[in-house]
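Start counting at 1 in the sequence shown, then tack on 7, and there's your number in the working numbering. Even glycine gets a Cβ: it sits at the ideal position worked out from N, Cα and C. Computed from a predicted structure; not experimentally measured.
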Amino acid sequence: MNDHAQPHRHILTIGLEDYFQVGAFNRFVQNNQWYRFEARLAQNTDRTLALLDAAGARATFFVLGWVAQEFPDVVRKVAAAGHEVGIKGYYHRGVRGLTPDEFRADCLRAKDAVETACGRRVIGYRLADGWLGPRDLWALDVLADLGFEYDSSIAPIGGSFANEPYRRFPHEHMGEHRSLWEIPISTARLLGVRVPVAGGNYFRQLPAWVSRRAAAKWDQKYSAPLVAYFHVWELDPEQPRLAVGSFLTRIRHYRNLKQMQGRIAALLVAHRFTSVAGYLGLEQALEPVPERASTDLARTPTPASDRTTPTVPALVDGQIPSAQPRGTPVTVVVPCFDEEEIVTYTARTLRRVRQVLGEGGYAARFVLVDDGSTDQTWNGLWAAFENDPGFDLVRHDVNLGVAAAIMTGLKRAGTEIVCSMDCDCTYDPLELLNMIPLLTPGVDLVTASPYHPAGKVRNVPGWRLLLSRGAAWLYRRVLRQKLYTYTSCFRVYRRSSVAGFQMTHGRYLGVAEMVGRLDLAGGKIVEHPATLEVRMIGRSKMKTFRTVIGHLGLLAKMAAARAFGWWGKAPRDQVIKSVIDAHQAGNAVLIRSHKTTPPPFDPDDPDVRRLILTSPPTPSATE
8 MNDHAQPHRH ILTIGLEDYF QVGAFNRFVQ NNQWYRFEAR LAQNTDRTLA
58 LLDAAGARAT FFVLGWVAQE FPDVVRKVAA AGHEVGIKGY YHRGVRGLTP
108 DEFRADCLRA KDAVETACGR RVIGYRLADG WLGPRDLWAL DVLADLGFEY
158 DSSIAPIGGS FANEPYRRFP HEHMGEHRSL WEIPISTARL LGVRVPVAGG
208 NYFRQLPAWV SRRAAAKWDQ KYSAPLVAYF HVWELDPEQP RLAVGSFLTR
258 IRHYRNLKQM QGRIAALLVA HRFTSVAGYL GLEQALEPVP ERASTDLART
308 PTPASDRTTP TVPALVDGQI PSAQPRGTPV TVVVPCFDEE EIVTYTARTL
358 RRVRQVLGEG GYAARFVLVD DGSTDQTWNG LWAAFENDPG FDLVRHDVNL
408 GVAAAIMTGL KRAGTEIVCS MDCDCTYDPL ELLNMIPLLT PGVDLVTASP
458 YHPAGKVRNV PGWRLLLSRG AAWLYRRVLR QKLYTYTSCF RVYRRSSVAG
508 FQMTHGRYLG VAEMVGRLDL AGGKIVEHPA TLEVRMIGRS KMKTFRTVIG
558 HLGLLAKMAA ARAFGWWGKA PRDQVIKSVI DAHQAGNAVL IRSHKTTPPP
608 FDPDDPDVRR LILTSPPTPS ATE
């Protein structure tokens, strides 16, 4: 350590990551889903840099390798502003569950990505998820062997390292071959328990006066530096709210975000802060690295555990392919109802789906059906897709239900292969690349099945699983084909096999009714094992009790239809007929947003006459 380091010169460390990459949501948001979320990293980094500049402070930014690869300009801007850049692994994960060799490979991959982005040598490391405990100190030996000068992953909180009090302060860790500095985060006793006194989450959860007093007391009592930390997303109170996790998880992430910028600013005014390298006198070690070709990272082997989705370059928001897609034509129908919160998430996902399907030999078009939303969903869809000819926007002026919206999309599709998916993407839409080939000659429908022996369910509430599996058990006893799932909206249809159905249920029951009608008509249905995940943003619109009662009635009707060859009297007018009648009465209007030539259709078909081509609505038209 620099012998001339000033005793009251403290250390500031910052996590350069986005709101969806955090530890609180790690078990819900997988790294192969990061591309779906609205990126707010650049604006949050700008806000952080401005805050530091106003206080004349320097900091160490710990960066994920993935962030450096996807947002190199942001990392480069941090380095250009005079701050140190370190790494925190490639993805947001902890050390437990990794072998030393896997940890070594992850560090090298992240270091390569970050050095390529910022153009300077990386000498520091911090664990992305959690902290190093007494049984994890082998990781320090790996870091030392890799040439890192310091680590900042130890947090002596609670009773951790109680028998090694020296680990509360910067100290030298002796590895087998070389040493490195350990820079632990600063802690103090609160009600008899050690907690971080200048850490992001604790900084937000504790009263402001507690953190101010603890920092001032540290400044007076110790010659060792106060090691503070926060994340750039903590300065973003307007970030999207994820619907996952418990109440306590959401409190941990979102509480006091509005106060965070003021609290950090006050800390920076009250104390002098520098980077880890600046405190240790190692700034000269942050030497420029030789410029690397942009393809170097692409040639870096991806660990098998990370290859969870096809590797494709990320699309810039709103980016539109310059040429019409080529390949087997496919239509993807996406029902939407009161989904203004999730439009950006869905738009990013669908553009990736189009890209992946295109690389797989499919020319995909999309029909998004706004099913009578009462919020700003329609305007959001228009803003996201108005200039993209690959997306058709259709609107029900009244809410008819998810099955009715799927039927509208089927009627509108100009292709024999039609897929449907939920707007919330609770099934990975990239699985369509594996599902579409299953629609072989003689197959009428391919349905995703999380309850298939090879399927998976992740973070879905137990009560929902009980209801879904119970419904599947009952449907298996009524219908010919013994499936594991009958209610999934994630499907691939042979349009000619289902578009003519006169459905009696337009809402969630209609999804099961479609399978029942196809089954009783002698159609062939194939299941594809898939993973069902919890909804990330917004809330489900399904009325649980009403849907359960409706399934019982539908099951009785299907049993009668199978026994006697008839369905009995519909509980209300047929869905398609209701749409036509409502339109004729001026209550149900369907709007197509793009002025391209529609697919071929019979102008005498009454179901087609309801497709009204018009201009986009004004904001008042949707309220």
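Endpoints, the alpha helix (DSSP H) within which residue i is located
| i | result |
| --- | --- |
| Ala272 | 264–277 |
| Val505 | 502–505 |
| Ser193 | It is not in any alpha helix (DSSP H) - Ser193 carries neither H nor E in the DSSP assignment. |
| Gly365 | 350–366 |
| Leu400 | Counting along the chain, Leu400 falls outside any alpha helix (DSSP H), though it belongs to the beta strand (DSSP E) covering 398–403. |
| Tyr209 | 207–212 |
| Val92 | It is not in any alpha helix (DSSP H) - Val92 instead sits in the beta strand (DSSP E) that spans 91–94. |
| Val121 | 107–125 |
| His17 | Here His17 belongs to no alpha helix (DSSP H); instead the beta strand (DSSP E) covers 16–23. |
| Phe392 | 384–392 |
Spatial distance of residue i from residue j (CA atoms)
| i | j | result |
| --- | --- | --- |
| Leu255 | Ala272 | 27 angstroms |
| Asn394 | Asp429 | 23 angstroms |
| Gly30 | Met565 | 47 angstroms |
| Ile349 | Ser380 | 13 angstroms |
| Glu290 | Ala284 | 5 angstroms |
| Tyr491 | Tyr434 | 16 angstroms |
| Arg175 | Ala57 | 31 angstroms |
| Ala222 | Gly137 | 23 angstroms |
| Pro460 | Arg219 | 55 angstroms |
| Arg484 | Leu407 | 29 angstroms |
| Lys118 | Asn170 | 33 angstroms |
| Pro177 | Gly96 | 22 angstroms |
| Leu481 | Ala537 | 21 angstroms |
| Arg100 | Asp108 | 15 angstroms |
| Glu91 | Glu122 | 11 angstroms |
| Ala563 | Val464 | 29 angstroms |
| Pro444 | Asp451 | 12 angstroms |
| Leu597 | Gly207 | For Leu597, the pLDDT reaches just 47, beneath the cut-off of 50, and the residue's location in the model is therefore unreliable, although a value from the coordinates is still provided. Their Cα atoms are separated by approximately 49 angstroms. |
| Arg524 | Cys343 | 24 angstroms |
| His184 | Arg103 | 23 angstroms |
| Ile258 | Lys265 | 13 angstroms |
| Leu473 | Val409 | 22 angstroms |
| Asp399 | Asp378 | 14 angstroms |
| Glu520 | Ile413 | 13 angstroms |
| Ala506 | Thr384 | 26 angstroms |
| Trp225 | Leu213 | 17 angstroms |
| Arg514 | Phe78 | 42 angstroms |
| Ile248 | Asp53 | Correcting the residue type first, residue 248 is Arg in the shown sequence and not Ile. Distance between the alpha carbons of Arg248 and Asp53: 21 angstroms. |
| Ile532 | Ala87 | 58 angstroms |
| Phe508 | Val405 | 21 angstroms |
Environment of residue i [buried if 16+ CB atoms lie within 10 Å]
| i | result |
| --- | --- |
| Thr20 | buried |
| Arg199 | Checking the sequence, you will find Gly at residue 199 rather than Arg. So Gly199 counts as exposed. |
| Pro457 | buried |
| Met181 | exposed |
| Asp60 | exposed |
| Thr447 | exposed |
| Gln76 | buried |
| Asp158 | buried |
| Ile1 | Since the first and last residues shown for the chain are 8 and 630, residue 1 lies out of range. |
| Trp470 | exposed |
| Glu179 | exposed |
beta-carbon residue i near the ligand SAM non-hydrogen atom, thresh 6 angstroms
| i | result |
| --- | --- |
| Val149 | No copy of the ligand SAM appears in this structure; indeed no ligand is present at all. |
N- and C-terminal bounds of the beta strand (DSSP E) containing residue i
| i | result |
| --- | --- |
| Met181 | 178–181 |
| Leu6 | A query on residue 6 cannot be resolved here, the shown segment of the chain reaching from 8 to 630 and no further. |
| Lys463 | 463–465 |
| Arg3 | With the chain covering only 8 through 630, there is no way to say anything about residue 3. |
Per-residue DSSP class, three states only, for residue i
| i | result |
| --- | --- |
| Thr538 | strand |
| Arg498 | strand |
| Tyr482 | helix |
| Tyr493 | coil |
| Cys343 | strand |
| Ala235 | strand |
| Val425 | strand |
| His601 | For His601, the predicted model reports a pLDDT of 41, less than 50, meaning its position is unreliable; a value from the coordinates is still stated below. In the structure shown, His601 sits in coil (DSSP, three-state: anything other than H, G, I, E or B). |
| Thr338 | strand |
CB-CB length for residue i against residue j, believed under 8 angstroms
| i | j | result |
| --- | --- | --- |
| Arg133 | Ser160 | 5 angstroms |
| Glu540 | Tyr352 | Not really, about 13 angstroms apart at Cβ, beyond 8 angstroms. |
| Val251 | Asn466 | 7 angstroms |
| Thr422 | Arg502 | 7 angstroms |
| Asn51 | Tyr98 | Incorrect: roughly 19 angstroms between the Cβ atoms, too far for contact. |
| Gln424 | Thr335 | Note on identity: in this sequence residue 424 is Ile, with Gln being the wrong assignment. Correct: roughly 7 angstroms between the Cβ atoms. |
| Gly131 | Phe110 | Contact flag wrong, Cβ pair sits at about 16 angstroms. |
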